[in-house]
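Protein chains: 4
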Amino acid sequence: MSTPQSRRKTRTDAERNRDRVLQAARVLFAEFGHDVQMSEVARAAGVGIGTLYRKFPTREALIEAIAEHRASEIVATARRLTDADDPTQGLAGFLYHVGEVLAGDRGMSEVIEKVMGSAEPQGEAREALLAVVAELIDRARVRGTVGQDVTAGDVNMVICGLAAVIRNAAGDWRRYIEVTLDGLRPR
Amino acid sequence: MSTPQSRRKTRTDAERNRDRVLQAARVLFAEFGHDVQMSEVARAAGVGIGTLYRKFPTREALIEAIAEHRASEIVATARRLTDADDPTQGLAGFLYHVGEVLAGDRGMSEVIEKVMGSAEPQGEAREALLAVVAELIDRARVRGTVGQDVTAGDVNMVICGLAAVIRNAAGDWRRYIEVTLDGLRPR
Amino acid sequence: MSTPQSRRKTRTDAERNRDRVLQAARVLFAEFGHDVQMSEVARAAGVGIGTLYRKFPTREALIEAIAEHRASEIVATARRLTDADDPTQGLAGFLYHVGEVLAGDRGMSEVIEKVMGSAEPQGEAREALLAVVAELIDRARVRGTVGQDVTAGDVNMVICGLAAVIRNAAGDWRRYIEVTLDGLRPR
Amino acid sequence: MSTPQSRRKTRTDAERNRDRVLQAARVLFAEFGHDVQMSEVARAAGVGIGTLYRKFPTREALIEAIAEHRASEIVATARRLTDADDPTQGLAGFLYHVGEVLAGDRGMSEVIEKVMGSAEPQGEAREALLAVVAELIDRARVRGTVGQDVTAGDVNMVICGLAAVIRNAAGDWRRYIEVTLDGLRPR
DNA sequence: CATGAATGAGGCTTCATTCAT
DNA sequence: AATGAATGAAGCCTCATTCAT
Numbered sequence: 001m002s003t004p005q006s007r008r009k010t011r012t013d014a015e016r017n018r019d020r021v022l023q024a025a026r027v028l029f030a031e032f033g034h035d036v037q038m039s040e041v042a043r044a045a046g047v048g049i050g051t052l053y054r055k056f057p058t059r060e061a062l063i064e065a066i067a068e069h070r071a072s073e074i075v076a077t078a079r080r081l082t083d084a085d086d087p088t089q090g091l092a093g094f095l096y097h098v099g100e101v102l103a104g105d106r107g108m109s110e111v112i113e114k115v116m117g118s119a120e121p122q123g124e125a126r127e128a129l130l131a132v133v134a135e136l137i138d139r140a141r142v143r144g145t146v147g148q149d150v151t152a153g154d155v156n157m158v159i160c161g162l163a164a165v166i167r168n169a170a171g172d173w174r175r176y177i178e179v180t181l182d183g184l185r186p187r
Numbered sequence: 001m002s003t004p005q006s007r008r009k010t011r012t013d014a015e016r017n018r019d020r021v022l023q024a025a026r027v028l029f030a031e032f033g034h035d036v037q038m039s040e041v042a043r044a045a046g047v048g049i050g051t052l053y054r055k056f057p058t059r060e061a062l063i064e065a066i067a068e069h070r071a072s073e074i075v076a077t078a079r080r081l082t083d084a085d086d087p088t089q090g091l092a093g094f095l096y097h098v099g100e101v102l103a104g105d106r107g108m109s110e111v112i113e114k115v116m117g118s119a120e121p122q123g124e125a126r127e128a129l130l131a132v133v134a135e136l137i138d139r140a141r142v143r144g145t146v147g148q149d150v151t152a153g154d155v156n157m158v159i160c161g162l163a164a165v166i167r168n169a170a171g172d173w174r175r176y177i178e179v180t181l182d183g184l185r186p187r
Numbered sequence: 001m002s003t004p005q006s007r008r009k010t011r012t013d014a015e016r017n018r019d020r021v022l023q024a025a026r027v028l029f030a031e032f033g034h035d036v037q038m039s040e041v042a043r044a045a046g047v048g049i050g051t052l053y054r055k056f057p058t059r060e061a062l063i064e065a066i067a068e069h070r071a072s073e074i075v076a077t078a079r080r081l082t083d084a085d086d087p088t089q090g091l092a093g094f095l096y097h098v099g100e101v102l103a104g105d106r107g108m109s110e111v112i113e114k115v116m117g118s119a120e121p122q123g124e125a126r127e128a129l130l131a132v133v134a135e136l137i138d139r140a141r142v143r144g145t146v147g148q149d150v151t152a153g154d155v156n157m158v159i160c161g162l163a164a165v166i167r168n169a170a171g172d173w174r175r176y177i178e179v180t181l182d183g184l185r186p187r
Numbered sequence: 001m002s003t004p005q006s007r008r009k010t011r012t013d014a015e016r017n018r019d020r021v022l023q024a025a026r027v028l029f030a031e032f033g034h035d036v037q038m039s040e041v042a043r044a045a046g047v048g049i050g051t052l053y054r055k056f057p058t059r060e061a062l063i064e065a066i067a068e069h070r071a072s073e074i075v076a077t078a079r080r081l082t083d084a085d086d087p088t089q090g091l092a093g094f095l096y097h098v099g100e101v102l103a104g105d106r107g108m109s110e111v112i113e114k115v116m117g118s119a120e121p122q123g124e125a126r127e128a129l130l131a132v133v134a135e136l137i138d139r140a141r142v143r144g145t146v147g148q149d150v151t152a153g154d155v156n157m158v159i160c161g162l163a164a165v166i167r168n169a170a171g172d173w174r175r176y177i178e179v180t181l182d183g184l185r186p187r
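Protein chains in written order, with UniProt numbering: chain E, 1 to 187; chain B, 1 to 187; chain D, 1 to 187; chain U, 1 to 187.
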């Protein structure tokens, strides 16, 4: 129908727009949380509102896409921590990393609060995130970094709390992590 | 034209209406959080929307009033704990009490998350709440229930997290308190 | 809570607004059919869009209300024709009356086209309309004005056609009625 | 650069695309009427939306094209009926044929309703359709199948009604034709 | 003081059409 | 000539707040 070249070009542009939307939404959601207007996002992305809706047919879809993206980033880092198999890292390293991410992303804090306790099936990356936590705990338990009775659920709660602490600027979140890590240690 | 009686009668009616609104809002906010419609509140209170707005000129004002009320209740209980001067109670007792309250009041969870880290001046009762926490910590420190380096800010964060854990049903909040209390203990 | 008087006054005003909306919608729907914008209706009624939606929470609801109203008017007239029991009137008189109404109301033509063949339950007045047709046919059959084999369904189709003829200005609708009435006569 | 072959090839391709669009639109309009989305049509045709708009610069244009096509088909059949000069066929045969067509084509019903009474100049085929009706009536009048006073306009109305009856599934349209044909007969 | 009707700004989303490649 | 991404004007509806009685 048309040459591969022109095709690729168009598709590239379209993808660029998609990325622009994602990028803009990411920035806005990070700063203001998820109750930003769709038209704001479109404007910030430099595209028409119609384009935004072509890429993400629903506000929910846009939020989802970004949440999954960020979640996968966190998971990737966590995997690196796990693979490094550095005993001093592990759970603690993970929590500090999550803290860094959330500290720079209000929207993600909102998501994480919901995710950590949800029984319902989530997007892939968020499920992976939960899986990573579980894995980290298992290792930590073996190592004795945390008590034998500590469960993934315990850590999920701690993370949920962490997100809230950060989102509400309730204090020095590193200290929060210190305290809760101490709380999880074997007595 | 109006006898003292009728005067008093009217004032009483007005006050009753105010109470009805408060009561209704309390119930609705407790169950559904603060994003309940104002008209819903008025309906539940059995008063006109206009009356509601006369008593509380803004949605914010209504939320504030209830938050203050709830906060003062918590403070009162906390004072009792403090006065009783039961070493086994103190901070722990306070946290469990707060947990109970928040578990039954979604709106209050929302408020507490914001309150605990706010640097801005709050309503009286909420300031008192913060003061109580500070006091409890001081005592606990003296007693050795918590580490010497533990600050009121630390506990504020823990409470903020607690509120989030409860609001998002992220797990067993009593366990969350256990863990964090452990984390605050002297090593 | 308030005196009956003030109450009544308010309610009267509200009803006046409701009537204004109905009236405005009636006029606009009559002229342009049902695809008029809600804001247009509100403007024509001299009320805010919010008021319109308070009275009729949905575009559908507004159309329904007017359709029912008009249908009930038609039924009322039809009853008079039936009661008068004038042999020369009856079905013919009814059809001409319907024609007059539809000729002045595009929206109603749209409704009638749909109504006449619908198996689904309709609003009260529209059901009554169908009942009236059935009744008229029964009488006409007895009188011999129409053939023994003529059914209400036949007339419903004729009326549906009548509505289309009028809505599309396909010709002299009185002539259409003449022709179809002839077609229904006993041979 | 382009050989005659490639030229012709291209032209052929273009024509094929036009046909695909027409075919797809025909099917979709037949099933769902004219309020199908343009993008749906393009998708069904297997062409880009841009191609569709190149062939038919407006939704109206596409509808028109199909209407003309369908109309010409009807005219062709009607001519055959006319030519056959079968006295038992003629008008009746034509009406039943139109009924068949409309029963299988919602979009065409919509068109026919509008066409039959339009004073404005139409597309060629639709004008031809009107001409055929006129011709059929003239013949029928001569034969005495219909009354001397029956005009083409009368039949146009009947056909407009037929379209509405079919589109709204208001009943058995064959019966409708029976009745109206009876109505057109000389008394 | 109570009432509740009225207001209208604002948010989400759709879809016919244009345009750059 | 074909493609399909981009556009943005509308349209529907909600709800916090105001105001006339």
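We put the CB at the ideal spot given by N, CA and C, even for glycine.
Being a predicted model, the structure only gives us computed values, none of them experimental.
Note down, in chain order, every chain U residue with its Cβ under 9 Å from the Cβ of A76 (chain D). Simply none; closest approach about 24 Å.
By Cβ distance below 7 Å, which residues in the same chain neighbour R26 (chain U) in space, the five residues on each side in sequence not counted? The answer, listed in chain order, is I66.
How is N156 (chain B) classed by DSSP in three states: helix, strand or coil? In the structure shown, N156 (chain B) adopts helical secondary structure according to DSSP, grouped into three states.
Which of the three DSSP states, helix, strand or coil, is assigned to V146 (chain B)? Coil, per DSSP.
Which class does G99 (chain U) belong to by DSSP, given the choice of helix, strand or coil? Helix.
Determine, using beta carbons only, whether R7 (chain D) comes closer than 8 Å to chain U. In this prediction, R7 (chain D) scores a pLDDT of 49, lower than 50, which makes its location untrustworthy; the coordinate-derived value is nonetheless stated afterwards. Taking Cβ atoms only, chain U never reaches closer than 8 Å to R7 (chain D), which makes this a no.
Under the three-state DSSP convention, the category Q122 (chain U) falls into: Three-state DSSP puts Q122 (chain U) in coil, outside helix and strand.
Starting from the Cα of D159 (chain D), find the closest Cα among D:M116, D:F32 and D:T51 and give me that residue. The sequence given here has Ile at residue 159 (chain D), not Asp. Scanning D:M116, D:F32 and D:T51 for the CA closest to the CA of I159 (chain D) turns up D:M116.
Could you tell me the boundaries of the alpha helix (DSSP H) in which T180 (chain B) lies? For T180 (chain B), the enclosing alpha helix (DSSP H) covers residues W173 to L184.
G93 (chain E) - DSSP class collapsed to helix/strand/coil: Helix, per DSSP.
Between G93 (chain D) and T58 (chain E), what straight-line distance do the alpha-carbon atoms span, to the nearest angstrom? In a straight line, the C-alpha of G93 (chain D) is about 55 Å away from that of T58 (chain E).
Just reading off the alpha helix (DSSP H) that residue 260 (chain U) is part of, what are its end residues? This structure does not reach residue 260 (chain U), given that chain U is present from 1 up to 187, and the question cannot be answered.
Taking only beta-carbon positions, decide if P186 (chain U) is within less than 8 Å of chain D. False, the Cβ-Cβ gap to chain D never drops below 8 Å.
For V41 (chain D), the first and last residue of its enclosing alpha helix (DSSP H): Start and end: M38 to A45.
Residue burial classification, T12 (chain U) (beta-carbon count within 10 angstroms, cutoff 16): Around the CB of T12 (chain U), fewer than 16 other CB atoms lie within 10 Å, so the residue is classed as exposed.
Rounded straight-line distance, which links the Cα of E64 (chain U) to that of I177 (chain D): Their Cα atoms are separated by approximately 31 Å.
The segment 97 to 112 of chain U: which residues have C-beta closer than 7 Å to a C-beta of chain D, in chain order? Hits within the stretch: zero.
Closest residue to S118 (chain E) among B:N17, B:N156 and B:A169 (Cα-Cα distance): Nearest of B:N17, B:N156 and B:A169 to S118 (chain E), Cα basis: B:A169.
In chain E, what lies closer than 9 Å to R175 (chain B) by C-beta? Result: T151, G153, D154 and M157.
May I have the straight-line CA-CA distance separating K114 (chain D) from L52 (chain E), to the nearest angstrom? For K114 (chain D) and L52 (chain E), the distance between alpha carbons rounds to 38 Å.
Figure out for me which residue from B:D182, B:R167 and B:V165 has the closest Cα to the Cα of T145 (chain B). The residue with the shortest Cα to Cα distance from T145 (chain B) is B:D182.
Out of U:S39, U:E124 and U:E60, which has the shortest C-alpha to C-alpha gap to G50 (chain U)? If we check each option's Cα against that of G50 (chain U), U:S39 comes out closest.
Buried or exposed for E110 (chain B), please, with buried defined as at least 16 other CB atoms from any protein chain shown within 10 angstroms of its CB. By the neighbour-count criterion, in which 16 or more other beta carbons inside 10 Å mark a residue as buried, E110 (chain B) falls on the buried side.
From R80 (chain U) to I166 (chain D), what does the alpha carbon distance come to, in whole angstroms? When only Cα atoms are considered, R80 (chain U) and I166 (chain D) end up about 31 Å apart.
Under DSSP, the alpha helix (DSSP H) around M108 (chain B) begins and ends at which residues? Boundaries of the alpha helix (DSSP H) around M108 (chain B): R106 to V115.
Would D83 (chain E) be called buried (16 or more neighbouring beta carbons within 10 Å of its own) or exposed? Result: exposed.
With a cut-off of 8 Å, does the C-beta of D35 (chain U) fall near any C-beta of chain D? Answer no: the Cβ-Cβ gap between D35 (chain U) and chain D never drops below 8 Å.
How many angstroms separate the CA atom of H69 (chain E) from the CA atom of A125 (chain E)? So the alpha carbons of these two residues sit roughly 7 Å apart.
Tell me the rounded alpha-carbon separation between E73 (chain U) and E127 (chain E). If you take the alpha carbons of E73 (chain U) and E127 (chain E), they lie about 60 Å apart.
Helix, strand or coil at N17 (chain B) [DSSP, three-state]: Annotated three-state conformation of N17 (chain B) is helix, per DSSP.
Identify, in the order they occur along the chain, each residue of the same chain with its Cβ nearer than 8 Å to the Cβ of Q148 (chain D), setting aside the five sequence neighbours on each side. If you ignore the 5 residues before and after Q148 (chain D), its C-beta comes within less than 8 Å of the C-beta of R141 and P186, all in its own chain and listed in chain order.
Might you give, ordered along the chain, the residues of its own chain that have their beta carbon closer than 8 Å to the beta carbon of G123 (chain B), omitting 5 neighbours on each side? Counting only residues of its own chain and dropping the five nearest sequence neighbours on each side, G123 (chain B) has a CB closer than 8 Å to the CB of E64, A67, E68 and A71.
Cβ of G117 (chain B) versus every heavy atom of the ligand NAP: is any distance shorter than 7 Å? Here there are no bound small molecules, and the ligand NAP is not part of this structure.
Suppose contacts are defined by Cβ-Cβ distances below 8 Å. Is G107 (chain B) in contact with A164 (chain B) by that definition? Annotated as distal: G107 (chain B) and A164 (chain B), with beta-carbon spacing of 8 Å or more.
Partners in chain D for A140 (chain U), counting only beta-carbon separations shorter than 8 Å: What A140 (chain U) touches in chain D: nothing, since even the nearest Cβ is about 14 Å away.
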